[in-house]
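Engineer: Structure below; questions to follow.
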Amino acid sequence: MRIVELSYPLPDTRETAPCALAIGFFDGVHLGHRRVIQKAIDVAAANGLKSAVMTFHPHPREVLGQSGYTKYLTPLADKLEQLEKMGVDIVYVMKFDIAFSAIYPEDFISECVIPLEAKHIVVGFDYTFGYRGMGTAQTLQELAANRYTVDIIGPVNRFGEKVSSTIIREFLHHGDVEQVRHLLGRPYKVKGTVVHGDKRGRTIGFPTANVGLSAPYLIGKNGVYGVRLTVDGQTYNGVMNIGIKPTFELEKKEKSLEVHLFDFSGEIYGKEVQVELLFSLRDEQKFSGVDALIAQIGKDVEEAKTKFATGQY
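Going by the numbering used here, the first residue of the sequence shown is number 3, and it counts up by one from there.
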């Protein structure tokens with residue numbers, strides 16, 4: 003997969019090829035996004051074109067000072083990884099800045115899409131573009147002028163929910179990682195490096211790996227989750243606590259991610275890891291003391307092991 007970074011205005015020299023182009027931010031690369039992107043892949047294959055995706059970075063809401071989008075379901079590197087797995091030939095990463103936000107829809111088409119040799123464009127039904135989102139999917143059709151064709155992909159529903167980045171964020175906020183998994187079509191995952199913590203887990207019989215995130219992931223509700231951790235190509239089941247460890251009444255209320263792995267005794271400090279959140283066990287809570295905490299962690303571990311053993315998650 004070829005990755006081409008662009009900014010507005012486009013440079014005079016650029017890497018292009020006649021393509022079927024899917025356009026969107028695609029945070030999460032969820033089931034709805036995948037249908038849009040797959041349509042571009044299919045059209046490209048049927049017409050001797052390259053399959054291409056135009057995405058944007060950073061998120062428009064972040065650039066325009068709107069709240070809620072400083073964290074991502076799929077930071078750029080993860081998004082590119084998902085697109086490569088889908089078989090996309092070219093990804094154009096358009097820098098989203100104030101100058102680009104002021105471009106009018108017709109100029110976006112003539113100055114940013116046509117120069118990329120887009121012969122076919124695929125977008126979702128709710129796609130908007132240009133200054134203040136003035137352009138819509140229908141605008142793309144109106145501006146085509148025989149220069150390209152357009153497919154508009156309708157909403158995708160899963161278990162009674164319309165799949166969208168917004169609803170996935172809401173489920174994550176409420177700790178419902180099972181629903182997140184259904185709407186993404188895969189487990190929600192984060193990546194990072196194992197860093198030194200306070201090593202308190204070892205003293206209570208449940209050693210943990212503290213994960214320092216490598217990118218601005220959206221982290222959901224504080225609580226305990228069943229997870230799968232991958233390190234050095236090996237995968238282990240475990241439980242992860244997201245939160246501030248209220249039982250210990252620490253002065254610094256910094257959120258941490260601590261993973262206790264089952265049947266593991268290796269040393270992984272400094273290692274890069276991937277953690278997939280598979281199911282929720284309980285909310286984070288403050289216990290009356292360390293003994294009560296230890297007892298509950300033991301219950302969490304047994305419940306998680308049962309779920310892993312039976313596949314009931």
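All residues carry an ideal CB built from backbone N, CA and C; glycine is no exception.
1) From this set, Asp178, Pro62, Arg4, which residue's C-alpha is nearest lysine 223's C-alpha?
2) Tell me the DSSP secondary structure of lysine 288 in three-state form.
3) Beta-carbon within less than 7 Å of valine 196's beta-carbon, same chain only, minus the 5 sequence neighbours each way: which residues are those?
4) How do the stretch 26-38 and the stretch 182-193 stand: do at least 3 beta-carbon pairs fall below 8 Å, yes or no?
5) Examine the ligand SAM and report whether any of its heavy atoms sits within less than 8 Å of the Cβ of lysine 288.
6) One question on the structure: do glycine 228 and lysine 301 come within less than 9 Å of each other, judged by their Cβ atoms?
7) Whole-angstrom Cβ separation of phenylalanine 110 and glycine 126, contact assumed at under 8 Å?
8) My output table needs one value for phenylalanine 173: the three-state DSSP class, helix, strand or coil.
9) CB valine 158 to CB valine 165, shorter than 9 Å?
10) For threonine 130, which beta-bridge partners are listed by DSSP?
11) Please report the straight-line C-alpha distance between alanine 294 and glutamate 172, rounded to a whole angstrom.
12) For asparagine 49, is the classification buried or exposed, using 16 other Cβ atoms within 10 angstroms of its Cβ as the cut-off for buried?
13) Would you call methionine 136 buried or exposed, if buried means 16 or more other Cβ atoms sit within 10 Å of its Cβ?
14) Would the stretch 142-156 and the stretch 69-79 be scored as touching if the rule is three or more Cβ pairs under 8 Å?
15) Using the beta-carbon count (16 or more within 10 Å), is aspartate 292 buried or exposed?
16) Return helix, strand or coil for threonine 168, following the three-state DSSP convention.
17) Quick one, are the C-beta atoms of lysine 97 and tyrosine 10 less than 9 Å apart?
18) If I'm right that proline 117 touches leucine 220 with Cβ under 8 Å, what's the distance once you round it to whole angstroms?
19) Which one of Asp44, Lys193, Tyr106, Pro218 has the shortest CA to CA distance from glutamate 64?
20) Counting C-beta neighbours from all protein chains within 10 Å, is the total for glutamine 236 16 or more, i.e. buried, or is it exposed?
21) Would you call the CB atoms of isoleucine 43 and alanine 19 closer than 9 Å?
22) So for methionine 88, helix, strand or coil by DSSP?
Structural biologist: On the basis of the supplied data:
1) Residue 223 sits at position 221 when you count from the first residue of the sequence shown. Nearest option by C-alpha distance: Asp178.
2) As a first step, residue 288 must be located in the sequence shown, where it is residue number 286. Residue state, collapsed to three classes: coil.
3) As a position in the sequence shown, residue 196 is number 194, starting the count at 1. For valine 196, where only same-chain residues beyond five positions count, the Cβ hits under 7 Å are Ala211, Asn212, Val213, Ile270, Tyr271, Gly272, Lys273, Val275.
4) Contact between the stretch 26-38 and the stretch 182-193 is present, because at least three Cβ pairs lie under 8 Å.
5) Judged by which ligands are present, the structure shown has none, so any question about the ligand SAM falls away.
6) Numbered from its first residue, the sequence shown carries residue 228 at position 226. Numbered from its first residue, the sequence shown carries residue 301 at position 299. In terms of Cβ geometry, glycine 228 and lysine 301 do not form a close pair [threshold 9 Å].
7) As a first step, residue 110 is located in the sequence shown; it is residue number 108 there, counting from the start. As a first step, residue 126 is located in the sequence shown; it is residue number 124 there, counting from the start. Contact between phenylalanine 110 and glycine 126 does not hold, since the beta-carbon distance rounds to 16 Å and is not under 8 Å.
8) Here residue 173 corresponds to residue number 171 of the sequence shown, with the count starting at 1. Reduced to three states, the DSSP call for phenylalanine 173 is helix.
9) Taking the sequence shown and counting its residues from 1, the one referred to as residue 158 is at position 156. Taking the sequence shown and counting its residues from 1, the one referred to as residue 165 is at position 163. Yes; because the gap between Cβ atoms is below 9 Å, this pair is in contact.
10) For this step, residue 130 is matched to residue 128 along the sequence shown. Threonine 130 pairs with Thr138.
11) On the sequence shown, position 292 is the one that residue 294 refers to. On the sequence shown, position 170 is the one that residue 172 refers to. Distance from the CA of alanine 294 to the CA of glutamate 172, rounded to the nearest whole angstrom, comes to 31 Å.
12) Sequence index remark: in the sequence shown, residue 49 carries index 47 (1-based). By the Cβ-count criterion, asparagine 49 is exposed, with fewer than 16 other Cβ atoms from all chains shown falling within 10 Å of its own Cβ.
13) Reading the sequence shown from its first residue, position 134 is the one you call residue 136. Counting C-beta atoms within 10 angstroms of its own C-beta, methionine 136 has fewer than 16 neighbours from the protein chains shown and is therefore classed as exposed.
14) Two segments are said to touch when three or more pairs of C-beta atoms, one from each, lie closer than 8 Å; by this definition the stretch 142-156 does not touch the stretch 69-79.
15) In the sequence shown, the residue the question calls residue 292 occupies position 290. In the sequence under discussion, the amino acid at residue 292 is valine, which differs from the aspartate named in the question. Taking every protein chain shown into account, the CB of valine 292 has fewer than 16 other CB atoms within 10 angstroms, so this residue is exposed.
16) Walking along the sequence shown from the start, residue 168 turns up at place 166. Here DSSP, grouped into helix, strand and coil, assigns threonine 168 to helix.
17) Against the sequence shown, residue 97 aligns to sequence position 95. Against the sequence shown, residue 10 aligns to sequence position 8. Yes, the Cβ-Cβ distance between lysine 97 and tyrosine 10 is below 9 Å.
18) For this step, residue 117 is matched to residue 115 along the sequence shown. For this step, residue 220 is matched to residue 218 along the sequence shown. With 8 Å as the limit, proline 117 and leucine 220 do not qualify as a contact, their Cβ atoms being about 33 Å apart.
19) By 1-based counting over the sequence shown, the position of residue 64 is 62. The shortest Cα separation from glutamate 64 among Asp44, Lys193, Tyr106, Pro218 belongs to Pro218.
20) Taking the sequence shown and counting its residues from 1, the one referred to as residue 236 is at position 234. Glutamine 236 is exposed by the Cβ-count criterion.
21) In the sequence shown, counting from the first residue as 1, residue 43 sits at position 41. In the sequence shown, counting from the first residue as 1, residue 19 sits at position 17. Not a contact, by the Cβ cut-off of 9 Å.
22) Stepping through the sequence shown from its first residue, residue 88 is reached at position 86. Three-state result, methionine 88: helix.
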